[in-house]
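Undergrad:
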Amino acid sequence: MQETENVTLKSTIMSPAEFDRALRRIAHEVIERNKGAGDVALVGIHTRGVPLAERLADLIERFEGTRPPVGKLDITLYRDDLTEISLQPVVKRTEVDFDVHGAKIVLVDDVLYTGRTARAALDAVVDMGRPAAIQFAVMVDRGHRELPIRADYVGKNVPTSRSEIVHVLLQEIDGTDGVELWERHG
Amino acid sequence: MIGAAAQVPPPPTPPAAAARRHRHLLDFTDWTAEEVVSLLDTAEVMAQVLARPVKRVPALQGYTVATLFFEDSTRTRLSFERAARAQSADVISFAAGGSSLRKGESIRDTLRTIEQLQADLYVVRHPSAGVPHQLARWTNGAVVNAGDGRHAHPTQALLDAYTLRAALTAAGLPPAERERPFTGRRLAVVGDVEHSRVARSNAELFTLLGGEVVLCGPAALLPRELSRLPGVHLTADLREAVTGADAVMALRIQHERLGPKRLPSLAEYVARYQVRPAHLELAAPHAFVMHPGPLNRDVEVASELADGERSLVERQVASGVPVRMAVLYSLLVGKK
Amino acid sequence: MRLVLRGGRLLDGAGDRGVHDLYVRDGVIEGLDLGGAVDQEVDAEGRLVTPAFLDLHVHLRDPGQEVKEDLASGLAAAAAGGYGTVVSMANTDPVVDDPGIVADLVARAARVAGARLRPAAAISKGLRGEELTDMAALRAAGAVMVTDDGVPVADSRLFRSACEYAAELGLVVQTHSEEPSLRDGGVMHEGAVSQRLGLPGNPDAAEAVMIFRDGEVARLTGARVHLAHVSSRRGLEVATWLKASGAPVTVEVTPQHLTLTDESLAGFDPVYKVAPPLRTADDVAALRAALAGGAVDSIGTDHAPHTLAEKQQDMLSAPFGIANLEVAFPLLYTRLVAAGELPLERLLWLLQDGPARVMGWPAPRLDPGAPADVTVLDLETERAVEGARFRSKAKHTPWEGEPLKGWPVATLVAGRAVHLAG
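Chains as they are written, first to last, in the numbering used here: chain A, 1 to 186; chain B, 1 to 336; chain C, 1 to 422.
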C-alpha cells in the first residue's frame with residue numbers, strides 16, 4: 001500500500017562515521033547539561049526516534065556507567081492534522097514504563113522540520129505526568145519551523161528546500177547509518 | 001566504506017496509513033478480518049490512554065458525535081459518550097422519551113431535525129432492525145450501530161472478541177495467526193438466540209476471525225436457518241454445545257417479554273440451559289464464561305461461575321470504552 | 001362523441017385481428033376501418049390495441065385516508081396503467097360496511113376521469129370479524145364483491161356464514177388468506193433471510209393453512225371464493241389441490257410476488273414490506289411456472305399506496321403495501337413476455353378474461369357494441385420507471401429506475417380518453 005513517489009538522491013550529508021561522531025557528541029552533551037545521567041529518561045518518537053533513543057542510551061551507559069530508561073512514544077493521537085489527511089494513520093503502542101513525574105525527559109527523533117511532531121510529543125508526555133524538564137534531541141534540524149520549537153541537541157543543521165526530503169538511515173532499519181538528501185519530483 | 005550512499009529511497013509520506021474503506025459500522029458485512037484486527041489493536045492503544053493520569057487525547061477535537069438512543073440503554077450510551085469525550089470530541093445526546101425522538105415520527109424526519117446540529121457521526125440504537133442502515137442512506141455523516149432490534153450489535157461483538165483475545169493470550173494461548181486470532185477456537189452461545197443481536201453479531205465476527213460458533217437454546221428460540229452461515233452449528237443440547245468450547249457466552253433471557261406461548265416456565269429454562277460448573281468441566285481446560293450484561297443472577301449463569309476466576313464479565317464491561325474509542329477514531333479521522 | 005384509434009394491432013381474447021383503425025362512438029366500440037368524421041384521433045401506429053385491463057384488487061384509500069390516495073388520483077393512476085375497471089377494497093376509514101358509503105363511492109367515481117370503479121364491501125362490520133354486514137343492501141348500492149382484505153377473517157363460523165350469504169346473493173368473496181396467530185407480527189417471509197436479518201418472520205404455513213380453510217368453506221357452501229395475492233409455492237399447491245377436488249376457488253397473483261424475493265429486504269428498506277410477504281426465489285419460480293397453465297386465474301395488483309413518510313419509518317412500524325398500478329403491465333411484459341417466459345396472449349388473458357371470469361362478467365372484447373374500454377400499449381419503447389411522474393400520490397416504488405417496455409400510451413374508458421401519454 002506504499003505509494004512510490006518520484007524521488008532521486010541528491011547527496012549524502014553524513015557518512016556512517018560522521019553519524020557515529022554526532023551521536024557520541026549528543027550523548028556527551030546530554031550528560032553535561034544534566035550533570036550526569038541520574039534522572040534522565042529518553043523517549044524515542046515512533047518510528048525512527050526509537051532506535052536512536054536506544055543507541056543514545058547505550059552510549060550514555062558506556063560513558064557514565066548507568067543506562068537511562070528508554071520509552072517509545074506514538075504521537076498519532078496528538079497530531080493536529082487528523083481532520084485533513086485522507087489516509088488513516090495506524091496507531092501504535094506507546095511504552096513508557098517509568099514514572100514521568102519529576103524525570104528529565106529527553107525526546108529523541110530523527111528529523112526536526114515544522115515542529116508539529118515535537119509539539120504533539122510534548123502534549124503526550126505532559127498527559128502522562130509532570131516531568132521536571134523536557135529536552136529534545138534530533139539527528140538533523142532541516143529548518144522551516146511552523147511553531148516556536150527548538151531542539152536542545154542537534155546532530156547537524158541542514159538548510160533545505162520544501163521539495164527536498166531528509167532521510168536518516170539507521171543500521172537497525174536500513175542496514176547502514178547516515179543521512180541522505182533526496183529530491184521529490186512532480 | 002566511508003560516504004557510500006545507501007540508495008534506499010525514503011519512506012513515503014504519510015507513514016503506515018491505510019485508505020479508510022468503511023464510512024459506517026452497521027454490521028460486519030464487507031469487513032475483512034484484517035480490518036477488524038486493526039480495530040482490536042487500536043483498542044489496545046486506547047486502553048493505554050485510559051490507564052494514564054490524563055485519560056484523554058486530542059485526536060477527535062473538532063468532531064461532533066451524536067448518540068441517538070431510540071431504545072433505552074444508559075450503560076451503552078454512556079460508554080459511547082465516554083469514548084467520544086476521551087478523544088476530545090463534542091457529544092450531543094438524544095434519548096428515547098425526549099421530545100426529539102417521538103414515537104411514530106418517520107425516522108427520516110427525526111434525522112432531518114437532528115442534522116441541523118451537523119454531527120459527524122451518529123451512534124444509533126433502535127428496537128427495529130435496519131434503522132442504522134436506513135439512516136446511513138440519508139446522512140452524510142458516519143453511522144455506528146449500537147444495537148438494532150434483533151439484528152446486530154457490532155461493538156458488543158468487538159469488545160467480546162477483544163476481551164477473549166486478551167484472555168487467551170494471558171492464559172498462554174496467544175493467536176497463532178494475527179489476522180485470524182480465533183482459528184481453532186470454539187465459542188458456545190447459549191440462550192434466546194432468536195431474539196439476540198449479540199448472538200448474531202458474535203456469530204458473524206467470531207467466524208470472520210477464524211473460529212467456530214455453536215448456537216444453543218430451546219428449539220423454539222433457535223432459528224434453524226442460521227446453520228447455513230459458515231462455521232456456525234446449532235444444537236438444543238447444552239452439554240453438546242459446551243464440549244471442547246474455549247468460551248461459553250450466556251445470553252440474557254427476557255422471560256416477561258417472551259410469554260408462556262413461546263417459552264415454558266423460567267424454572268424449566270434454568271434447569272435445561274443455565275451454565276453451571278459441571279458444564280465447564282466438559283469445555284476446554286482454560287474455558288472462559290462470558291455474558292453481555294446485565295446478568296440475571298442464577299438464571300443464565302450460576303453465581304459461582306459469574307463471580308469466579310473464569311468469568312470475563314468484568315473485563316468485557318471494562319473493554320467497552322477502549323473498543324468504542326477505536327471505532328470512533330477509525331471511522332472519523334480523515335478528510336472532513 | 002366519435003373517436004378513432006389509428007393503425008394499431010388489435011388483439012383480444014378472441015384472437016389477433018390484425019392492423020386496423022378502431023372506431024368508437026358514444027361510449028361503445030363502433031367497428032373497424034369505417035372512415036368518416038371523428039371528434040378525436042389517437043395515433044396507435046406500431047402499437048398494440050387491446051381491451052383495458054381489469055384489476056380486482058386495489059386500495060384507493062378513499063374515504064378517510066386521502067393523504068395516501070383518493071378516487072381522483074387512484075382511478076387516474078389505474079388508467080395510466082392501462083386499467084379500465086378496478087375493484088376497490090373496503091379497508092378504508094370508515095370501512096365500506098354500509099350501503100351509504102358504497103353509494104357515495106359510486107357517485108363520486110362517476111365524476112372522475114379515470115378507470116371505472118366497482119366497489120367491494122366488507123364481510124364484517126368495521127373489519128372486526130364479529131358481525132356480518134348487510135350484504136344484500138350493499139350489493140343493491142353497487143358492491144360487486146365482499147372482502148375483509150387487509151385483515152384475515154379469523155373466525156371460521158363467521159366466514160362460513162359470510163360465504164353462505166354471498167353465495168345466495170351471487171357475490172364473490174375475496175380472502176386475505178393468512179392465519180393470524182401463525183403470522184404473529186411477521187414483517188417479512190420467515191426463512192434464511194429473516195433469521196439472518198433478525199426481523200420477525202411470517203411463514204408460508206400461515207398462508208397454506210388459511211387457504212385450506214377458505215377453500216374447504218367454499219366447497220362446503222358453494223360460494224365463489226377468490227384467493228387474493230397467493231404468494232408461496234405451498235399456498236399455490238394447496239389451492240390447486242382444492243380446485244381439483246371441486247372447491248369453487250380462484251387464484252390471484254400479484255406483480256410483486258412474481259418479480260421480487262425476500263432478499264430485497266436485506267437493505268432494510270420498507271418499500272419492500274408487503275403482506276403477504278415477498279418470498280424465496282423458489283416461490284417466485286413456482287408462481288411464474290403456474291401462469292401458463294390453469295392454476296392462476298387472474299393477476300391483481302393489490303395496489304396499496306402509503307405516504308413517503310410512512311414508508312420511511314423503521315421496518316417494524318412501516319405499513320405494509322406496494323403501490324404499482326402504473327408499472328404492473330410494463331413490469332410483467334418486460335420480465336415475463338419480452339424475456340420469452342410467457343406468451344403475450346396469456347399475460348393479457350390474466351389481466352382481461354381471467355378476472356372477468358372470476359367475477360362472472362362478460363369477457364372484454366373489441367367487438368362492435370362492446371363497452372369502449374380500450375388501452376393502447378407501446379411494446380417497443382424502453383423507458384425507465386420514474387415514480388415522480390406517477391398519477392398516484394404514492395410516487396415511491398420498488399422498481400424506480402428500472403428500464404421497462406410495454407408502457408400504456410392511451411386508455412379509453414366508456415369511449416373517453418382518460419389517459420393520453422405525452
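C-beta atoms are modelled at their ideal positions from N, C-alpha and C, and glycine is treated no differently.
With which residues is Arg77(B) paired in a DSSP beta bridge?
TA: Answer by DSSP bridge pairing: none, since Arg77(B) is not bridged.
Undergrad: How would you label Ala244(C), buried or exposed, when you count the other beta carbons within 10 angstroms and need 16 or more for buried?
TA: Classification for Ala244(C): exposed.
Undergrad: On the premise that Met249(B) lies in contact with Ala188(B), defined as a C-beta separation below 8 Å, what is that separation, rounded to the nearest angstrom?
TA: Sure, about 7 Å apart at Cβ, within 8 Å.
Undergrad: Lys156(A) CB to nearest chain B CB: under 9 Å?
TA: By this cut-off, Lys156(A) is not an interface position.
Undergrad: What whole-angstrom Cβ distance do His257(C) and His303(C) have, given they're in contact under 8 Å?
TA: Incorrect: roughly 14 Å between the Cβ atoms, too far for contact.
Undergrad: Can you find a C-beta in chain B that's less than 9 Å from the C-beta of Leu331(C)?
TA: False, the Cβ-Cβ gap to chain B never drops below 9 Å.
Undergrad: Determine the direct distance from the alpha carbon of Val111(A) to that of Val190(A), and round the result to whole angstroms.
TA: With chain A running from 1 to 186 in the structure shown, residue 190(A) is simply not present.
Undergrad: Taking Arg297(B) and Ala306(B) to be in contact with their CB atoms under 8 Å, please state how far apart those CB atoms are, rounded to whole angstroms.
TA: So it is a contact: roughly 7 Å between Cβ atoms.
Undergrad: Relative to the C-alpha of Ala115(C), which candidate in Leu350(C), Val19(C) and Thr375(C) has its C-alpha closest?
TA: Comparing Cα positions, the closest option is Thr375(C).
Undergrad: Classify His20(C) as buried or exposed, calling it buried when 16 or more other Cβ atoms lie within 10 Å of its own Cβ.
TA: Counting Cβ neighbours within 10 Å, His20(C) comes out buried, since at least 16 surround it.
Undergrad: My output table needs one value for Leu226(B): the three-state DSSP class, helix, strand or coil.
TA: Leu226(B) falls in the helix class under three-state DSSP.
Undergrad: Taking Gly62(B) as the query, report the chain A residues whose CB atoms sit under 7 Å from its CB, ordered along the chain.
TA: By Cβ distance, chain A contributes Thr83.
Undergrad: Taking only beta-carbon positions, decide if Pro175(B) is within less than 9 Å of chain A.
TA: No - not a single Cβ of chain A is within 9 Å of the one on Pro175(B).
Undergrad: What is the residue span of the alpha helix (DSSP H) that Arg52(B) lies within?
TA: No alpha helix (DSSP H) holds Arg52(B); DSSP gives it neither H nor E.
Undergrad: Restricting to Cα atoms, I'd like to know which of Gly360(C), Arg416(C), Ser231(C) and Ala309(C) is closest to Leu56(C).
TA: With distances taken between Cα atoms, Leu56(C) lies closest to Gly360(C).
Undergrad: Touching or not, the segment 140-155 of chain C and the segment 194-204 of chain C, by the rule of three or more beta carbon pairs under 8 Å?
TA: Too few Cβ pairs lie closer than 8 Å, so no.
Undergrad: Which of the three DSSP states is assigned to Val106(C) in this structure?
TA: Looking at Val106(C) - three-state DSSP - the assignment turns out to be helix.
Undergrad: Can you give me the C-alpha to C-alpha distance between Leu312(B) and Phe288(B), rounded to a whole angstrom?
TA: The straight-line gap from Cα to Cα measures roughly 7 Å.
Undergrad: Determine the DSSP secondary structure at Gly250(A), reduced to helix, strand or coil.
TA: Any answer about residue 250(A) is impossible in this case: the structure gives chain A only from 1 up to 186.
Undergrad: Enumerate, from N- to C-terminal direction, the unbroken alpha helix (DSSP H) stretches of 4 or more residues contained entirely within the segment 246-298 of chain C.
TA: Correct list: 255-259 and 281-290.
Undergrad: Using DSSP bridges, identify the partner residues of Ser43(C).
TA: Residue identity differs from the one stated: residue 43(C) is Asp in this sequence, not Ser. Paired residues: Arg6(C).
Undergrad: Entirely within the segment 209-253 of chain C and at least 3 residues each: give me those beta strand (DSSP E) ranges in chain order.
TA: As far as the segment 209-253 of chain C is concerned, its whole beta strand (DSSP E) runs of at least 3 residues are 225-227 and 249-253.
Undergrad: For Leu331(B), which three-state DSSP category applies?
TA: Here Leu331(B) sits in helix by DSSP.
Undergrad: I'd like to know if Glu263(C) contacts chain B, where contact means its C-beta is closer than 9 Å to some C-beta of that chain.
TA: Cβ-Cβ to chain B under 9 Å: no for Glu263(C).
Undergrad: List the residues of chain D whose Cβ lies closer than 9 Å to the Cβ of Tyr78(A), in chain order.
TA: The structure shown has no chain D; the protein chains it does contain are A, B and C.
Undergrad: In terms of alpha-carbon separation, which member of His185(A), Gly44(A), Ala124(A) and Val140(A) lies closest to Arg52(B)?
TA: Nearest of His185(A), Gly44(A), Ala124(A) and Val140(A) to Arg52(B), Cα basis: Ala124(A).
Undergrad: For a cutoff of 9 Å on Cβ pairs, would you count Tyr329(B) as touching chain A?
TA: Taking Cβ atoms only, chain A reaches closer than 9 Å to Tyr329(B), which makes this a yes.
Undergrad: According to DSSP, is Gly3(B) helix, strand or coil?
TA: With a pLDDT of only 44 at Gly3(B), under 50, the local geometry of the prediction cannot be trusted, and the value read off the model is given with reservation. Reduced to three states, the DSSP call for Gly3(B) is coil.
Undergrad: Check the Cβ-Cβ distances between Ser298(C) and every residue of chain B, and say whether any is below 9 Å.
TA: No, its Cβ sits nowhere closer than 9 Å to a Cβ of chain B.
Undergrad: To the nearest whole angstrom, what separates the beta carbons of Gly300(C) and Thr254(C), a pair I think is in contact under 8 Å?
TA: Correct: roughly 6 Å between the Cβ atoms.
Undergrad: Just by C-beta distance, which residues in the segment 105-122 of chain B are closer than 9 Å to chain C?
TA: Under the 9 Å Cβ criterion, the segment 105-122 of chain B contributes Glu105, Ser106, Ile107, Arg108 and Asp109.
Undergrad: For Met290(B), which three-state DSSP category applies?
TA: Reduced to three states, the DSSP call for Met290(B) is strand.
Undergrad: Using a Cβ cut-off of 9 Å (strictly closer), state whether Glu212(B) contacts chain C.
TA: Not one chain C Cβ lies under 9 Å of Glu212(B).
Undergrad: Give the residues from the segment 309-322 of chain C that approach chain B closer than 8 Å (Cβ to any Cβ), ordered along the chain.
TA: Listed by position, the residues of the segment 309-322 of chain C near chain B (Cβ gap below 8 Å) are Ala309, Glu310, Gln312, Gln313, Asp314, Met315, Leu316 and Ser317.
Undergrad: Of all the residues that make up the segment 139-162 of chain C, which are near chain B by a beta-carbon distance shorter than 9 Å?
TA: Within the segment 139-162 of chain C, no residue qualifies.
Undergrad: Step through the CB atoms of chain B and report whether any lies within less than 9 Å of the CB of Lys35(A).
TA: Chain B, which has no Cβ nearer than 9 Å to the Cβ of Lys35(A), makes this no.
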